[in-house]
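> Numbering (the numbering used here), first residue to last: 312 to 405.
Just so you know, even glycine gets a beta-carbon here, dropped at the ideal spot from N, CA and C.
Remember, it's a predicted structure, so these values are computed and weren't measured experimentally.
1. Residues in its own chain within less than 8 Å of residue 338 by CB, not counting five upstream and five downstream?
2. Give the straight-line distance between the Cα atoms of residue 324 and residue 342, rounded to the nearest whole angstrom.
3. Which residue spans inside the segment 315-382 form an unbroken alpha helix (DSSP H) run of at least 4?
4. Can you find the residues in the same chain that come closer than 8 Å, C-beta to C-beta, to residue 292, ignoring five residues on each side of it along the sequence?
5. Below 8 Å on the Cβ atoms is my contact criterion, and I expect residue 376 with residue 357 to pass it. Report the Cβ-Cβ distance as a whole number of Å.
6. Does the distance from the CB of residue 378 to the CB of residue 348 come in under 9 Å?
Spelled out as C-alpha cells, the structure:
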C-alpha cells in the first residue's frame, strides 16, 4: 500500500490516464491497488495475482513508475481532494 496517504491530485490522475492509455477492469483494479484504494481482502487477492503473473508484474511496475514520475512533476502543486468521479472504486468502496 502507498505509505503517503495524501490523495493523488486530479491532475496526476488525469495525466496518468493519458500516459497509460485505455484501460480495462483489470487495470482499474491494479491502479486501485497502487493507490491503496482497495480493502484488505482485495489487496491480498491482487498481490497473489501479481505474484503469479510476470506480465502483470511488469504492468504494475510501469503504472507505478508513471505515477511516481507524475507525483514528482506535480509535487509543488497544491494537493486537493479529487472529485468523486476521479476515485477508483471497487464494490462501492472508495
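Short version:
1. 331, 370, 374
2. Annotation: residue 324 to residue 342 spans about 10 Å, alpha carbon to alpha carbon.
3. 321-331, 336-346, 351-363
4. Because the chain here runs from 312 to 405, residue 292 falls outside it and cannot be looked at.
5. Actually they do not touch by this definition, with Cβ atoms about 18 Å apart.
6. no
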